[in-house]
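**Q**
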Amino acid sequence: MTTSRTDRTMTYFVLAVFSVFSLVPLLGVLSSAFGKSGQGAGGGVAWPSDGLHWSNFAKAWTQGHFSTYLGNSAVVAVTVVVVAAVLATMAAYAFGVMRFPGSTALFYLFVLGLTLPAESFVIPLYFDLRALNLTDSLWGMILPQTAQSLAFGVFWMRTYFRNSVGSVIEAARIDGVRSWGILWRVLVPMGRPAITTMLVVTFMWTWNEFLLALVMISDDAHRTVPLGLAFFQGAHSSDNALLSAACVLIALPVVIVYVILQRSFIAGMLSGAVKE
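The sequence shown begins at 2 in my numbering and counts up by one.
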């Protein structure tokens with residue numbers, strides 16, 4: 002099917018309009034981050050006329066203790082992503098390829114986790130973790146977020162395993178490869194785009210988690226970057242340049258991860274797995 006020049010022009014026009022709407026707020030934050038420190042909030046995108054104030058980032062980094070917060074967030078995010086990815090991949094393989102009694106009901110029990118808002122169980126979860134002495138610790142963030150990420154991971158990877166090439170699985174079984182080998186030696190290498198998409202989405206959710214950190218963490222030594230930014234905003238509410246610089250600092254790791262994995266992420270979102 003061929004596309005006319007008019008259709009292509011309209012497509013590019015619509016994409017350009019939405020790109021402008023998406024980039025203007027980002028450019029506003031970036032221009033504010035390079036502005037003069039000590040000024041209140043301004044409006045629009047106005048590039049600093051007196052040069053770029055790179056010192057805002059160093060000042061925000063030092064005064065906001067973001068080295069500690071970024072380290073905590075990195076430990077939590079990496080642990081959650083790795084553990085949730087491994088567990089979700091194995092569980093999804095069982096639901097998508099194997100057949101056992103109660104598999105459908107158990108799968109929908111996992112999917113139920115996608116429908117439950119965090120606000121509905123965060124308070125009972127706090128008392129449970131407090132009884133186990135896990136509040137004010139990174140484990141109080143890692144364990145709940147791993148459980149939350151499993152719902153999406155199992156749902157996403159089960160779809161990939163259900164759409165996997167059945168002939169490849171049968172060929173591996175004929176060659177004597179057991180289920181464990183089929184999963185890790187055949188399906189996982191084939192499903193890198195789908196797995197990468199799951200990793201990126203889980204990383205972004207974990208990195209940006211605020212409510213759980215607000216409830217579980219009260220001491221400064223275990224704060225993550227969203228919670229640290231909230232306290233930093235309370236102390237520097239009148240300094241728009243410092244706040245914008247802090248926002249850029251905590252958003253940078255997510256941007257870097259996405260840029261590095263963008264091709265596999267987009268491929269996983271568009272195609273997932275190879276279908277028969």
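Glycine included, C-beta positions come from ideal geometry on N, C-alpha and C. This structure is a prediction, so every number in the text was calculated from the model and none was measured.
Helix, strand or coil for L31? Go by DSSP, reduced to three states.
**A** Here L31 sits in helix by DSSP.
**Q** Would F35 pass as a contact of Y94 if the rule is Cβ separation under 7 Å?
**A** Result no, Cβ atoms of F35 and Y94 do not sit closer than 7 Å.
**Q** Since S265 and V30 are thought to touch, with beta carbons under 8 Å apart, how far apart are those beta carbons, to the nearest angstrom?
**A** At roughly 27 Å, the Cβ-Cβ gap does not stay under 8 Å, so S265 and V30 are not in contact.
**Q** On the CB-based measure, 16 or more other CB atoms within 10 Å of its CB, does P102 come out buried or exposed?
**A** With fewer than 16 Cβ atoms within 10 Å of its Cβ, P102 is classed as exposed.
**Q** Between the beta-carbon of L130 and the beta-carbon of G141, is there less than 7 Å?
**A** Their beta carbons are under 7 Å apart, which means L130 touches G141 by this criterion.
**Q** Identify which residue in F204, M217, A236 and S219 has its Cα closest to the Cα of L253.
**A** Selected option, being the one with the closest Cα: F204.
**Q** Note the first and the last residue of the continuous alpha helix (DSSP H) segment covering S168.
**A** Where S168 is concerned, the enclosing alpha helix (DSSP H) stretches over G167 to I175.
**Q** Hey, quick one: how far does the alpha helix (DSSP H) through I196 stretch, first residue to last?
**A** Counting along the chain, the alpha helix (DSSP H) containing I196 begins and ends at R193 to W208.
**Q** Does the separation of the CB atoms of A242 and N57 fall below 7 Å?
**A** Against a cut-off of 7 Å, the Cβ pair of N57 and A242 comes out as a contact.
**Q** If you follow the alpha helix (DSSP H) that R159 is in, where does it begin and where does it stop?
**A** Start and end: W140 to R163.
**Q** Within 10 Å of its beta-carbon, does V275 have 16 or more other beta-carbons around it, so buried, or fewer, so exposed?
**A** Because V275 sits at a pLDDT of 43, beneath the cut-off of 50, its placement in the model cannot be relied upon, and the following sentence gives the value as read from the coordinates. Under this definition V275 is an exposed residue.
**Q** Which class does D240 belong to by DSSP, given the choice of helix, strand or coil?
**A** Reduced to three states, the DSSP call for D240 is coil.
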